[in-house]
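First up is the structure itself, then whatever we jot down about it.
Number of protein chains: 4
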Amino acid sequence: MIIQLDMQSELPIYSQLVYQIIEGIASGELQLGEALPSVRNLAADIGVNLHTVNKAYTLLKQDGYIQVHRQKGVVVNPDGMPDLTDDFLKKQQRELRPIIAEAICRGMTKEELSAVLDQMYDDMKMGHNKE
Amino acid sequence: MIIQLDMQSELPIYSQLVYQIIEGIASGELQLGEALPSVRNLAADIGVNLHTVNKAYTLLKQDGYIQVHRQKGVVVNPDGMPDLTDDFLKKQQRELRPIIAEAICRGMTKEELSAVLDQMYDDMKMGHNKE
Amino acid sequence: MIIQLDMQSELPIYSQLVYQIIEGIASGELQLGEALPSVRNLAADIGVNLHTVNKAYTLLKQDGYIQVHRQKGVVVNPDGMPDLTDDFLKKQQRELRPIIAEAICRGMTKEELSAVLDQMYDDMKMGHNKE
Amino acid sequence: MIIQLDMQSELPIYSQLVYQIIEGIASGELQLGEALPSVRNLAADIGVNLHTVNKAYTLLKQDGYIQVHRQKGVVVNPDGMPDLTDDFLKKQQRELRPIIAEAICRGMTKEELSAVLDQMYDDMKMGHNKE
DNA sequence: GTGGTCTAGACCACT
DNA sequence: GTGGTCTAGACCACC
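Going down the list, the protein sequences come from chains S, R, P and G.
Residues in the first sequence are numbered from 1 upward in steps of one, following my numbering.
Residues in the second sequence are numbered from 1001 upward in steps of one, following my numbering.
Residues in the third sequence are numbered from 2001 upward in steps of one, following my numbering.
Residues in the fourth sequence are numbered from 3001 upward in steps of one, following my numbering.
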């Protein structure tokens, strides 16, 4: 799986890592139970500090996306993904609000915004199959 | 207009301010051409430093949401909101991607996600009328 | 003569006034010796404070563009315009430097920049005749 | 690169900084991709507050002259300079107008003005080679 | 009274 | 060590 980092982004590197791995899982590129590179390997591959990769893995583990075994390494959680908790839905809405507000101000209709979302949803889910 | 700040949030205060003002415009609570509080007044009201408010106003001005008149004060842009530029749409998609990826992982269908979006869109747009 | 002020400009109103009157003279719209509106009248016409117009006139007088007579009012200097002093040339170059630097950075050739200048020079000088 | 600030100038310090760095790039003294001093170092060197330097860097970043990498520092944009946009050309003409108007009033011919511009253009572009 | 600028000094997140 | 953020307090130009 190819990781694309933007060193100029306002988003911390570890966050970019987290999201890219989540996208990899969402697109099916990473299967449940599939092994991820070790902290050391990934850090070397993408040229960032060990701590940075470590922090990303730790966050993914906390949310239940991955499992980290002492000696066996890191795998996508084979027991499935974390649930659709209330906390998650609240967080989702907190993130969605400013996006929707800006869209309304700039004159996007609900249909236009939904179309963007639908398109992106399909692209992401189908992304892996097309490759 | 009531401003609610979360001082514990990872989001900078000035960003929270920016988004709340944009939400105010989106909901119709702030009308085009309407005056906003002066930098100092708003800073005093919400208990933050004047520079923090100033930064928020500066960002809103750069994006065309508000106008800052020389020594007269700040108003919601009476000439209408900024356009739906390509840059904006790109930024929107960049923000939407991780949200969609997480939703997919946790098993939200496209319909469920769309429903959340539609509900929030209507709530925000109708929010002001209900009051 | 029509004065166009931009209340949002970073340029102070009195500076905008100064430059517009200078442009009026440059274009021939205002002739040597021609009367300008009184401070009061001009202030009322364009809807700004007396002090603002006063400051503009004072600066124009200091540079020799206009004459202010106690009771007779304000006239474009009938004895001709101020000279091409070394101070003026220095000021001109100080103002030109950042413009040229930016133009170079963005890839404008000397010819392109000269063309812009020539065009603007002709437009301004011929501006009045065409009306 | 030597920075010369005029603390008495009406131009804000951060603007002077912005222009001097742009001039440095225009003259070739600063190469594409070259590292600039850190905010704190530059502030200490020229004896101003770190926020002042920060504001200058932020403006240069917004216009695409420099890149700010997360915790690595600041470099002249290695991907080249910003484009010759319509907005830039408009801004350029807005800045040029009062200069031309004054020149006309004081009797500078188009040729004399062009000569000044040409000379300054060459000086700036060749400035670095001569050293 | 308004926004704009600057200083001094602090804490934080990231690498 | 880097930039990002925030505070407190000050002075200025403008109107």
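C-beta: ideal position from N, C-alpha, C; glycine also.
Range covered by the alpha helix (DSSP H) that runs through residue i
i: I2104 (chain P); result: D2086 to C2105
i: G1024 (chain R); result: I1013 to S1027
i: V53 (chain S); result: L50 to Q62
C-beta contact flag for residue i and residue j at 7 Å
i: E1023 (chain R); j: A101 (chain S); result: yes
i: G2064 (chain P); j: P2037 (chain P); result: no
i: Y3019 (chain G); j: P2078 (chain P); result: no
i: A1026 (chain R); j: M1126 (chain R); result: no
i: M1108 (chain R); j: L96 (chain S); result: no
i: S2009 (chain P); j: S3114 (chain G); result: no
i: L117 (chain S); j: L1011 (chain R); result: no
i: R70 (chain S); j: L1084 (chain R); result: no
Limits of the beta strand (DSSP E) - the one that residue i falls within
i: Q3067 (chain G); result: I3066 to H3069
Same chain, Cβ closer than 7 Å to residue i, neighbours up to 5 away in sequence not counted
i: N2049 (chain P); result: A2043
i: Y3057 (chain G); result: V3039, I3066, V3068 and V3074
i: L3005 (chain G); result: I3013, Q3016 and I3046
i: K3091 (chain G); result: none
i: Q2031 (chain P); result: V2076
i: G1080 (chain R); result: L1032
Residue i - partner residues in DSSP beta bridges
i: L984 (chain R); result: The requested residue 984 (chain R) does not occur in the structure, where chain R is confined to residues 1001 to 1131.
6 Å CB neighbourhood of residue i in its chain, flanking five on each side removed
i: E1131 (chain R); result: Bear in mind that the predicted position of E1131 (chain R) carries a pLDDT of just 45, short of 50, making it unreliable; the figure below should be weighed with that in mind. Once the five neighbours on either side are set aside, E1131 (chain R) has no close Cβ partner at all.
i: I1003 (chain R); result: Q1020 and I1046
i: G3053 (chain G); result: The identity of residue 3053 (chain G) in the sequence shown is Val, whereas the question assumes Gly. These residues qualify, in order along the chain: V3039, L3042 and A3043.
i: L173 (chain S); result: Chain S is shown from 1 up to 131; residue 173 (chain S) falls before or after that span and cannot be answered.
i: D122 (chain S); result: none
i: A1103 (chain R); result: L1113
i: K2947 (chain G); result: Absent from the structure is residue 2947 (chain G), since the part of chain G shown begins at 3001 and ends at 3131.
Neighbourhood of residue i by C-beta distance below 8 Å, restricted to the same chain and skipping five residues each side
i: R3094 (chain G); result: none
i: K2055 (chain P); result: Y2014
i: E1034 (chain R); result: V1075 and V1076
i: F3088 (chain G); result: P3082
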